[in-house]
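Participant:
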Amino acid sequence: MLVAAAVMGKAGFSYLKQLLSGFLKKQFIPPETVSPIRYRIGLVLFSIPLLLGWVAPYISGYFPVFEEHRLLLAIIGDLFLLSSLIVLGGEFWDKLRALFIHRAKVSLA
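Here it is in structure tokens:
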């Protein structure tokens with residue numbers, strides 16, 4: 297970054313930084329509202345790792361694949377959970393945040 301700033305100057309570096317940050321925001325920051333289908337897909341992605349994490353200790357005796365590939369399944373579950381938060385959008389982040397606020401109220405409009 298230091299070399300880029302020295303070569304392009306302050307104005308050029310600021311322009312490049314603004315261009316890259318705009319691109320990254322579009323790619324990685326979830327939108328505020330999402331469609332109902334996208335929301336349902338996100339809920340499935342969110343629920344699968346939670347359910348498997350809860351059920352896996354009970355069924356690992358019947359399905360040895362859970363015990364043999366425990367680390368791989370945990371990594372896949374974590375990726376599902378993280379990707380679901382991006383798919384669900386910004387409104388879900390607010391709902392998730394409200395779980396940890398004592399005085400948060402539900403408003404069904």
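So in our numbering the end of the sequence shown lands on 405, straight run, no missing numbers.
Just so it is clear, CB atoms sit at the ideal spot from N, CA and C, and this is done for glycine as well.
In this text the structure is predicted, and so the values were computed from the model without any measurement.
What residues in its chain sit with their C-beta under 8 Å from that of L339, if we drop five residues either side in the sequence?
Facilitator: Answer for L339: S380, L384, listed in chain order.
Participant: Under the assumption that L341 contacts F388 (Cβ atoms under 8 Å), give the Cβ distance between them as a whole number of angstroms.
Facilitator: No, L341 and F388 are not in contact; Cβ-Cβ is about 11 Å, not under 8 Å.
Participant: Excluding five sequence neighbours on each side, which residues of the same chain lie with their C-beta closer than 8 Å to the C-beta of D374?
Facilitator: Cβ neighbours of D374 beyond the five flanking positions: P345.
Participant: Assuming A352 and F362 form a contact by the criterion Cβ under 8 Å, report the distance between their Cβ atoms to the nearest whole angstrom.
Facilitator: Correct: roughly 5 Å between the Cβ atoms.
Participant: Would you report the Cα separation of E364 and G357, rounded to the nearest angstrom?
Facilitator: Those two C-alpha atoms are separated by around 11 Å.
Participant: Hey, could you find the ends of the alpha helix (DSSP H) E363 is sitting in?
Facilitator: From DSSP, the alpha helix (DSSP H) with E363 extends over 360 to 364.
Participant: For L351, which of helix, strand or coil comes out of DSSP?
Facilitator: For clarity, residue 351 is Val in the given sequence; the question names Leu instead. Three-state result, V351: helix.
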